[in-house]
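Numbering (full-length UniProt numbering), first residue to last: 1 to 291.
Read through the structure below, which is laid out as structure tokens, and then see the notes.
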């Protein structure tokens, strides 16, 4: 079940799930939900339901009861996905698209967003997955959903390693954060400044820092014993973030090396360079890379 704040990306999420082979149904009246789930012998294929405040008979308590009942059924794996975003970003999205917020018919836009956030907080609190789309373009949202809900079996826990710049804030979904700002900075080398951490010249420069071996060894020594413990605890997705000042050189290089280290140990891994312009990456490389 996919829900969340209006403008946070529910339509994009449902389309992405549908492209992955899920049967997507949006804004089904709650009165018809039980019939859809149990008619004709029950759910026969993976089902993605979009529910929000526009849904007829929308009721937070009713949705919580439905999810609780589904989780009690042995043959059903039910997940509640909540899409969230900052208020300022939601206001900008509604302003740019010129669409009316469903709760702001007779209210200012800000009041409608705040009212919806308050209404949906109980669902956010019990959601299995909360995805903040404040800094996630549709492409990244689709990629993250594919990581979590692709129908093809994915062994073990999936790890996402992401680079970022501290000046733009920490990634909101980060579980572990490492700071690479003490390493020598290619930004101050004119011949290296235009490139990113995936470039061999930048990589060689950072790797030549006397502190690099100890830094990377420290990361791997910490991460290695944590992976099986997180997995044993039932965690399906782990996000490891590495930051530097701008998110283009030292953190990118470190993330690339960490991803290689994980793949060498057969850990399913995806890579995201949050603050790198895709055009600055080598041809054929994207913001996200599968193993």
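Glycine included, every Cβ here is placed at the ideal spot set by N, Cα and C.
Is there contact here, the segment 26-35 with the segment 74-83, by at least three beta-carbon pairs under 8 Å?
no
Residue 220 in three-state terms, based on DSSP:
In the chain shown, the residue the question calls residue 220 occupies position 220. Of the three classes helix, strand and coil, the one that applies to residue 220 here is helix, per DSSP.
Can you give me the C-alpha to C-alpha distance between residue 275 and residue 74, rounded to a whole angstrom?
Residue mapping note: residue 275 aligns to position 275 of the chain shown, counting from 1. Residue mapping note: residue 74 aligns to position 74 of the chain shown, counting from 1. Rounded to the nearest angstrom, the two C-alpha atoms are 43 Å apart.
Tell me whether residue 73 sits in a helix, a strand or coil according to DSSP, three-state version.
Here residue 73 is taken as the residue at index 73 of the chain shown, counted from 1. Of the three classes helix, strand and coil, the one that applies to residue 73 here is coil, per DSSP.
If you measure between the beta carbons of residue 174 and residue 133, is that distance less than 9 Å?
Along the chain shown, read from residue 1 onward, the residue named residue 174 stands at position 174. Along the chain shown, read from residue 1 onward, the residue named residue 133 stands at position 133. Contact flag unset, no.
If we ignore side chains and look at the alpha-carbon of each, how far apart do residue 2 and residue 212 end up?
Here residue 2 is taken as the residue at index 2 of the chain shown, counted from 1. Here residue 212 is taken as the residue at index 212 of the chain shown, counted from 1. Their Cα atoms are separated by approximately 43 Å.
Is there contact here, the segment 51-60 with the segment 117-124, by at least three beta-carbon pairs under 8 Å?
yes
Can you grab the Cα-Cα spacing for the pair residue 20 / residue 130, in whole Å?
Locating residue 20 in the chain shown gives position 20, counting from the first residue. Locating residue 130 in the chain shown gives position 130, counting from the first residue. If you take the alpha carbons of residue 20 and residue 130, they lie about 20 Å apart.
Validate contact between the segment 219-230 and the segment 161-168 using beta carbons, cut 8 Å, 3 pairs
no
Are the beta-carbon atoms belonging to residue 90 and residue 8 less than 9 Å from one another?
Here residue 90 corresponds to residue number 90 of the chain shown, with the count starting at 1. Here residue 8 corresponds to residue number 8 of the chain shown, with the count starting at 1. Closer than 9 Å, so yes.
Taking the C-alpha atoms as reference points, what is the distance between residue 236 and residue 148?
Taking the first residue of the chain shown as position 1, residue 236 is located at position 236. Taking the first residue of the chain shown as position 1, residue 148 is located at position 148. Cα to Cα, residue 236 sits roughly 8 Å from residue 148.
Give me, in chain order, the residues of the same chain whose beta-carbon lies closer than 7 Å to that of residue 151; leave out the 5 immediate sequence neighbours on both sides.
Taking the first residue of the chain shown as 1, we reach residue 151 at position 151. Hits under 7 Å: 20, 21 and 46.
Exposure label - residue 249; buried when at least 16 CB within 10 Å
In the chain shown, counting from the first residue as 1, residue 249 sits at position 249. Buried.
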